[in-house]
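First up is the structure itself, then whatever we jot down about it.
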């Protein structure tokens, strides 16, 4: 018997499965980051044990540095192996009444409002240009780094899918 | 090695497969090479067949490109207790004599 | 299953998960599963400026396969227990493989 399991058995009976972790994300607007670097914001409607996801009313947020642009995309079925993380946000609305202060937690409704003050919305053309510049300079740096690494005996195993 | 006996497998002192060498290094210092131009040195406390590891008193060495000078340099980081996911592990060995 | 059990002993501890893309996320470990997917509550992203799109995210589900490291509090880890468990796990893995 695994000695570590004895400690874990004393925990309250939370089910430690993939499904249990995702079940409280259903019907919420979430941020999903994919392995190719895409950020999708949509309402999670369905999932399974592989973390395959169904997202509705999805918006792809193209982010370059602190600039961003949102493109509506519709319904996505995402294969779980491409998911990096699924993020839940909490929006706090403070309503001050004369006598009572009420704090209300509401799920995300409008992706525009969730854009942070740290980010600046730009047009599609501008974001594509910024993306191109960033990928060009990243490629240059990678090539230089790889040539130096090969010189000292490392082998290069960069994976195009790990672009996030 | 299809004819390894069960008694051998349950005997901690017998080394019959590569992961048994890792077992010999438990609570010893090890050197681990990882994908992504990284190396770590630490005291091995746990491992499994995926080469997931738990190490303590870890020093991580990362080979990076210095943006300004275009020189390859190393960054060293310390950690008191670290879980390392096995899919990034390239090799595990006793510490190199440098 | 060894590290699955190990992680269950760390529920409610504060950890820092470093992903393979160098992003580091500090948070409270709330859940884990057999694939070592991790649920963190009340997260803060280290080096937030680089990842502004995550600034309003409070809870995350992180797929196990994208994790590089998890920085743990040393005080909570029983190294002797872990070493014993590793030996037993190795023996049972070998027995399983031999029996096939």
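Chains as they are written, first to last, in my numbering: chain X, 23 to 186; chain F, 111 to 208; chain D, 276 to 375. Built from N, CA and C at the ideal position, the CB exists for glycine as well.
With respect to the alpha helix (DSSP H) encompassing residue i, which residues constitute its N-terminal and C-terminal limits?
i, result
"residue 154 of chain X", "146-173"
"residue 39 of chain X", "Per DSSP, residue 39 of chain X belongs to no alpha helix (DSSP H) and is neither H nor E."
"residue 277 of chain D", "277-283"
In terms of residues, what are the limits of the beta strand (DSSP E) holding residue i?
i, result
"residue 319 of chain D", "313-320"
"residue 166 of chain F", "163-176"
"residue 133 of chain F", "Looking at the DSSP string, residue 133 of chain F is not in any beta strand (DSSP E); the run it does join, the alpha helix (DSSP H), is 128-134."
"residue 68 of chain X", "61-69"
"residue 203 of chain F", "199-203"
"residue 56 of chain X", "51-56"
Could you tell me which of the options sits nearest to residue i, measuring between CA atoms?
i, options, result
"residue 308 of chain D", "X:41, X:52, X:54 and X:50", "X:41"
"residue 156 of chain X", "X:89, X:77 and X:78", "X:89"
"residue 142 of chain X", "D:356, D:334 and D:327", "D:327"
"residue 306 of chain D", "X:173, X:55, X:70 and X:46", "X:46"
"residue 322 of chain D", "D:334, D:301 and D:342", "D:301"
"residue 277 of chain D", "F:130, F:162, F:200 and F:123", "F:162"
"residue 164 of chain X", "F:189, F:176 and F:196", "F:176"
"residue 100 of chain X", "X:86, X:85 and X:80", "X:80"
"residue 295 of chain D", "F:156, F:160, F:179 and F:146", "F:146"
"residue 316 of chain D", "D:340, D:342 and D:288", "D:288"
"residue 50 of chain X", "D:332, D:370, D:339 and D:337", "D:332"
"residue 65 of chain X", "X:93, X:72 and X:52", "X:52"
"residue 173 of chain F", "F:185, F:157 and F:134", "F:185"
"residue 341 of chain D", "X:55, X:77, X:76 and X:91", "X:55"
"residue 151 of chain F", "F:126, F:140 and F:164", "F:140"
"residue 149 of chain X", "X:104, X:86 and X:169", "X:86"
"residue 168 of chain F", "F:159, F:178, F:204 and F:154", "F:154"
"residue 72 of chain X", "X:43, X:96 and X:97", "X:43"
"residue 286 of chain D", "D:358, D:311, D:320 and D:298", "D:311"
"residue 138 of chain F", "F:198, F:156 and F:170", "F:156"
"residue 202 of chain F", "F:195, F:148, F:143 and F:121", "F:143"
"residue 318 of chain D", "D:299, D:282 and D:325", "D:299"
"residue 314 of chain D", "X:38, X:152 and X:82", "X:38"
"residue 196 of chain F", "F:170, F:159, F:121 and F:179", "F:159"
"residue 75 of chain X", "X:62, X:83 and X:84", "X:62"
"residue 358 of chain D", "F:164, F:124 and F:129", "F:164"
"residue 171 of chain F", "F:179, F:149, F:129 and F:127", "F:149"
"residue 338 of chain D", "X:162, X:154 and X:109", "X:109"
"residue 98 of chain X", "X:68, X:107, X:153 and X:106", "X:68"
"residue 292 of chain D", "F:130, F:193 and F:205", "F:193"
"residue 343 of chain D", "F:166, F:180, F:179 and F:198", "F:198"
Run through the DSSP bridge pairs and tell me what residue i is partnered with.
i, result
"residue 94 of chain X", "X:81"
"residue 188 of chain F", "F:169"
"residue 157 of chain F", "F:163"
"residue 99 of chain F", "The structure shown does not extend to residue 99 of chain F, since chain F spans only 111 to 208, so no value can be given for it."
"residue 334 of chain D", "X:110"
"residue 293 of chain D", "D:299 and D:344"
"residue 124 of chain F", "None; residue 124 of chain F has no bridge partner."
"residue 306 of chain D", "D:314"
"residue 402 of chain D", "The requested residue 402 of chain D does not occur in the structure, where chain D is confined to residues 276 to 375."
"residue 351 of chain D", "DSSP, once it has assigned bridges, lists no residue as partnering residue 351 of chain D."
"residue 142 of chain X", "X:89"
"residue 75 of chain X", "X:69 and X:100"
"residue 182 of chain F", "F:175"
"residue 105 of chain X", "X:56"
"residue 193 of chain F", "F:164 and D:345"
"residue 139 of chain F", "F:153"
Could you check if residue i belongs to the surroundings of the ligand NAD, using beta carbon to heavy atom distance under 8 Å?
i, result
"residue 317 of chain D", "Absence of the ligand NAD is noted for the structure shown, with no ligands found whatsoever."
Within 9 Å (strictly less), CB to CB, does residue i reach chain C?
i, result
"residue 171 of chain X", "Going by chain labels, chain C is absent from the structure shown, which instead holds the protein chains X, F and D."
Positions along the stretch 296-313 of chain D whose CB lies within less than 8 Å of some CB in chain F: 311
Residues in the stretch 151-165 of chain X having any Cβ partner in chain F nearer than 8 Å: 163
Contact set between the stretch 35-47 of chain X and chain D, restricted to residues whose Cβ is under 8 Å from the partner: 36, 38, 39, 40, 42, 43, 44 and 47
Under 8 Å (Cβ pairs) to chain X, residues found in the stretch 325-358 of chain D: 327, 328, 329, 330, 331, 332, 333, 334, 335, 336, 337, 338, 340, 341, 356 and 357
Cβ contact check for the stretch 350-365 of chain D and the stretch 162-181 of chain X: 3 or more pairs under 8 Å: no
Segment contact, 8 Å Cβ cut-off, at least three pairs: the stretch 347-361 of chain D with the stretch 180-194 of chain F: yes
Residues of the stretch 152-164 of chain F whose Cβ lies closer than 9 Å to any Cβ of chain D, in chain order: 153, 154, 155, 156, 157, 158, 159, 160, 162 and 164
Interfacial residues, the stretch 175-189 of chain F to chain X, with Cβ spacing under 9 Å: 175, 177, 180, 181 and 182
Contacting positions in the stretch 81-92 of chain X - beta carbon closer than 9 Å to chain D: 83, 85, 87, 88 and 90
Under 9 Å (Cβ pairs) to chain D, residues found in the stretch 124-137 of chain F: 126, 127, 129, 130, 132, 133, 136 and 137
Residues in the stretch 44-72 of chain X having any Cβ partner in chain F nearer than 9 Å: none
Short-range partners of chain X found in the stretch 280-295 of chain D, where Cβ spacing is below 8 Å: 280, 281, 283, 284, 286, 294 and 295
Contact set between the stretch 188-205 of chain F and chain D, restricted to residues whose Cβ is under 8 Å from the partner: 189, 190, 191, 192, 193, 194, 195, 197 and 198
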